[in-house]
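Here is the structure we will look at.
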Ligand code: 5RP
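In my numbering, the protein residues as written are 362 to 626.
Take a look at the structure:
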């Protein structure tokens, strides 16, 4: 692997090979998402615990201090909305010049395998990979399900993850699934990170799926709402960080979470 590509990947994945990415890109299709109305304020207390920040160029430019040391994963697909016709009908909305100008360490785009726009989506991925590889910039493919949340099962996710890796994604983001999550990992030749999805009822559910996903071979997480939409975002991200980088079990993470809330850690 070329030096630039390796260097960027090493900035994202820590020495243990694991990563905690913090996505705040939700506004790109759903507007001012709850708790993300002022993204700069949302990330202030929690960014220090993340290994990378995922967002669009607009939020980066307007809401994030350029002195930031955390690597940026720039979302470059969009031009759709929750009130539009089909979330899968995305385009790439950021040029390679802009990606370089804004010093992104990686880019991400959604890929809608099995949708009406499957070919467009995957062709967009192929073009983006070609452009980014020229400059040593890794592409993270987001295996997206749009509004079809029932697609979050191993058979579909393993298929989607493998296809985007075959096209050249350096990192794949998929959802976690309770049954056979390891099949996604086993069939995917590049690191897989777990997306969070809508906020869960309890914090423990998050610790459980992050722990189980890591045990089954995930390289990390890309967790947004289950951190910054929770009652205690700092406690939440610190507990998740402990699972990812310190090998905590879900129970140990929950204990740490409660200690932080009680002001004892
Ligand atoms: C949206 C995204 C988000 O980054 C992703 O969904 C992660 O955020 P959350 O944990 O809130 O689901 O890619 O398509």
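All C-beta atoms in this analysis are idealised placements derived from N, C-alpha and C, irrespective of residue type, glycine included. Nothing here was measured: the structure is a model prediction, and the numbers come from that model.
Non-local beta-carbon contacts of residue 505 in its own chain, meaning distances under 6 Å to residues more than five positions away in sequence, involve 471, 473 in chain order. Burial is judged here by how many other beta carbons sit within 10 angstroms of a residue's own beta carbon; residue 510 has fewer than 16 and is exposed.
Close CB contacts of residue 485 within its chain, under the 6 Å cut and outside five residues either way in sequence, are with 453 (chain order). Looking from the CA of residue 395, the closest CA among 592, 596, 604, 615 belongs to 592. Per DSSP, residue 517 lies in no beta strand (DSSP E) segment; the continuous alpha helix (DSSP H) that holds it begins and ends at 515-528. Shown here, residue 413 sits in a strand according to DSSP, grouped into three states.
The alpha-carbon separation between residue 524 and residue 405 amounts to approximately 36 Å. Per DSSP, residue 596 lies in no beta strand (DSSP E) segment; the continuous alpha helix (DSSP H) that holds it begins and ends at 594-607. The continuous stretches of beta strand (DSSP E) do not include residue 421, which lies in the alpha helix (DSSP H) extending over residues 418-424. Close CB contacts of residue 364 within its chain, under the 8 Å cut and outside five residues either way in sequence, are with 497 (chain order). At a threshold of 7 Å, residue 437 does not count as near the ligand 5RP, since its beta carbon sits no closer than that to any of the ligand's heavy atoms. In this structure, DSSP gives residue 448 a state outside helix and strand, which the three-state scheme calls coil. Distances between the C-beta of residue 387 and the heavy atoms of the ligand 5RP include at least one below 7 Å. Here the alpha carbons of residue 502 and residue 450 stand approximately 15 Å from one another.
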